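Below is one structure; the comments refer to it alone.
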Amino acid sequence: MRTGTPSRTILQLYLVVMVGFLLLPLIVTCGAALNESRFPTVWPWRGFTLHWFVDLWDNTRFWLAVGNTVLVATGVMVIAVPIGTAAAIALNNTYAGARSFLYGLMTAPILTPGAVIGISTLMFWRALDVPAGLLITTFGQVSVIAAYVMLLVLARLQSFDPGLEEAALDLGASHAQVIWTVLLPHLRPALILGGVISFLQSTEGYNVPLFTRGGKETVMIYIASQVRTGATPMINALALILVAVTVLAGVSYEVLRRREIRSRAKIDRMARNAQAQEVAGLAY
Numbered sequence: 009m010r011t012g013t014p015s016r017t018i019l020q021l022y023l024v025v026m027v028g029f030l031l032l033p034l035i036v037t038c039g040a041a042l043n044e045s046r047f048p049t050v051w052p053w054r055g056f057t058l059h060w061f062v063d064l065w066d067n068t069r070f071w072l073a074v075g076n077t078v079l080v081a082t083g084v085m086v087i088a089v090p091i092g093t094a095a096a097i098a099l100n101n102t103y104a105g106a107r108s109f110l111y112g113l114m115t116a117p118i119l120t121p122g123a124v125i126g127i128s129t130l131m132f133w134r135a136l137d138v139p140a141g142l143l144i145t146t147f148g149q150v151s152v153i154a155a156y157v158m159l160l161v162l163a164r165l166q167s168f169d170p171g172l173e174e175a176a177l178d179l180g181a182s183h184a185q186v187i188w189t190v191l192l193p194h195l196r197p198a199l200i201l202g203g204v205i206s207f208l209q210s211t212e213g214y215n216v217p218l219f220t221r222g223g224k225e226t227v228m229i230y231i232a233s234q235v236r237t238g239a240t241p242m243i244n245a246l247a248l249i250l251v252a253v254t255v256l257a258g259v260s261y262e263v264l265r266r267r268e269i270r271s272r273a274k275i276d277r278m279a280r281n282a283q284a285q286e287v288a289g290l291a292y
């Protein structure tokens, strides 16, 4: 009997239980979207139907919520990515004594409860006579999501060679040119990922829009209101669409990431081969 077999079996059982714990609620929720029952349930199964997707498509209130969500998420992405990137660059260039303090200050919104962010955002902009609405919803979400972008860019900056900046400056480039032609191309993967995460995080936001929306609905607010008033399988249809879009986005990102890795590996091999041929030619 091999040593470690019981431990391996326990680990496999644990993984199965955890995966089931995470996926079974999604499977049940999505399955109810395809059931003819008027109640959001999988059992008893009354037959396959796409009726609830048609109802969702014809729901004007839902599409208004989608429009508001896309508008807010786009604004959050456009604002949060530059702010988070600038904060990461500034933090990376700050002397060590102040770096820890500034890092904690900038990441504090992530640890702050969403309800607190929503209430404080509403109170701040109300004091400036700015009415509640999608604008301050955008600002409230930016205060949190920009911190995520900052963390992504900071992680990418750890692999950046400062010598490239110094070389560009020695060759006569201005600081703006160095940032635009040297630093930002290196940060491009983090910026793209930060933009995607900003958009998705904004669409999933609930606490901040709940306090700052000013009567406007986002998709999450719409779902919550439908659940409170008595959910129909139409909400399950929406859940199935969201899960499908999320899975598709994740798979697409992974495919593109692996393609980029293979492309870089191919370029590196070609560079090494060219260098080896050059060395061989000089030796000859």
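Residue numbering for the sequence shown follows the numbering used here, starting at 9 and increasing by one per position. Positions of the beta carbon are idealized from the N, C-alpha and C atoms, including for glycine. From a predicted model like this one, the values you see are computed outputs, not experimental measurements.
Taking the alpha helix (DSSP H) that residue i belongs to, which residues open and close that run?
{"i": "Gln209", "result": "192–211"}
{"i": "Gln149", "result": "142–165"}
{"i": "Asp63", "result": "59–65"}
{"i": "Trp71", "result": "68–100"}
{"i": "Arg107", "result": "104–119"}
{"i": "Thr37", "result": "13–40"}
Count the other CB atoms within 10 Å of the CB of residue i; is the residue buried (16 or more) or exposed (fewer)?
{"i": "Arg221", "result": "buried"}
{"i": "Val24", "result": "exposed"}
{"i": "Phe219", "result": "buried"}
{"i": "Glu174", "result": "exposed"}
{"i": "Ile125", "result": "buried"}
Rounded to the nearest angstrom, what separates residue i and residue j at their Cα positions?
{"i": "Asn67", "j": "Ala95", "result": "41 Å"}
{"i": "Ala181", "j": "Thr189", "result": "10 Å"}
{"i": "Trp53", "j": "Trp60", "result": "15 Å"}
{"i": "Asp178", "j": "Val216", "result": "47 Å"}
{"i": "Gly258", "j": "Thr211", "result": "16 Å"}
{"i": "Thr254", "j": "Met26", "result": "20 Å"}
{"i": "Thr240", "j": "Ser45", "result": "9 Å"}
{"i": "Ile275", "j": "Arg266", "result": "14 Å"}
{"i": "Met278", "j": "His194", "result": "21 Å"}
{"i": "Ile229", "j": "Leu191", "result": "39 Å"}
Could you say which of the options lies nearest to residue i if we only look at CA atoms?
{"i": "Ile87", "options": "Phe147, Ile97, Leu130, Pro121", "result": "Phe147"}
{"i": "Ala81", "options": "Leu162, Ala154, Pro121", "result": "Ala154"}
{"i": "Pro197", "options": "His59, Ile269, Gly28", "result": "Ile269"}
{"i": "Ala123", "options": "Gly258, Arg280, Tyr214, Met228", "result": "Tyr214"}
{"i": "Arg107", "options": "Thr57, Arg272, Leu162, Ile91", "result": "Leu162"}
{"i": "Ala245", "options": "Gln20, Gly39, Ser167, Leu201", "result": "Gly39"}
{"i": "Leu165", "options": "Gln209, Gln285, Ala98", "result": "Ala98"}
{"i": "Ser128", "options": "Leu191, Asn101, Gln149, Val157", "result": "Gln149"}
{"i": "Ile243", "options": "His194, Leu34, Ile18", "result": "Leu34"}
Assuming residue i contacts residue j under a Cβ cut-off of 8 Å, what Cβ separation, rounded to an integer in Å, is found between them?
{"i": "Gly203", "j": "Val89", "result": "5 Å"}
Can you find a C-beta in chain C that's less than 9 Å from the C-beta of residue i?
{"i": "Gly39", "result": "In the structure shown, chain C does not exist; there is a single protein chain."}
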